[in-house]
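For reference, the structure is listed below as structure tokens.
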Amino acid sequence: MVQEVTKEMSQEAEQYHTVVQQKEMIVRRMKERGCRITKQRMILLDVILGSECSCCKEIYFKASSLDPKIGTATVYRMINTLEELGAISRKNMYRICSFPDCDKIKIHRQ
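As numbered in the numbering used here, residues 3 to 112 make up the sequence shown, in order.
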């Protein structure tokens, strides 16, 4: 029982560490491309990284509950920015790419 709890806690800590690394990598790439790192963009990034969002509306509803000033256009612009960076793929419905060379991976659309 104790081993199971310890293993579960270890997995959660590893997941948290991965999310933090992904966020840092994306923020770094955004800065390199000249994007401003705003409070709203950070909220959107947290929502996308922290949940299994399947569409922009879902992202919008979760983010706007944290900051009512976030509009749908802001969500779509952020999604487009993340896709341009190679951090997400619309084909995979906003799964964050966790590889160091994500922007070099070519995504073939069907």
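Built from N, CA and C at the ideal position, the CB exists for glycine as well.
With a CB to CB cut of under 7 angstroms and the five nearest residues on each side skipped, what residues in its chain are close to residue i?
i	result
residue 68	45
residue 2	Residue 2 cannot be examined here, being either before or after the span of the chain that is shown, 3 to 112.
Might you give, ordered along the chain, the residues of its own chain that have their beta carbon closer than 8 angstroms to the beta carbon of residue i, omitting 5 neighbours on each side?
i	result
residue 61	46, 49, 50, 55, 77, 81, 96
My understanding is that residue i touches residue j, with C-beta atoms under 8 angstroms, so please give their C-beta distance in whole angstroms.
i	j	result
residue 87	residue 28	7 angstroms
residue 24	residue 72	Their Cβ separation, rounded to whole angstroms, is 21 angstroms, which puts residue 24 and residue 72 out of contact at 8 angstroms.
When the Cα atoms are used, what is the spatial distance from residue i to residue j?
i	j	result
residue 84	residue 32	8 angstroms
residue 92	residue 58	10 angstroms
residue 52	residue 30	19 angstroms
residue 79	residue 37	11 angstroms
residue 22	residue 15	11 angstroms
For the alpha helix (DSSP H) containing residue i, name the first residue and the last one.
i	result
residue 3	Unbroken run through residue 3: none, as it is neither H nor E.
residue 48	41-52
residue 67	58-68
residue 79	74-87
Give every residue of the same chain whose Cβ lies closer than 6 angstroms to the Cβ of residue i, excluding the five residues on either side of it in the sequence, and list them in chain order.
i	result
residue 74	62
residue 70	none
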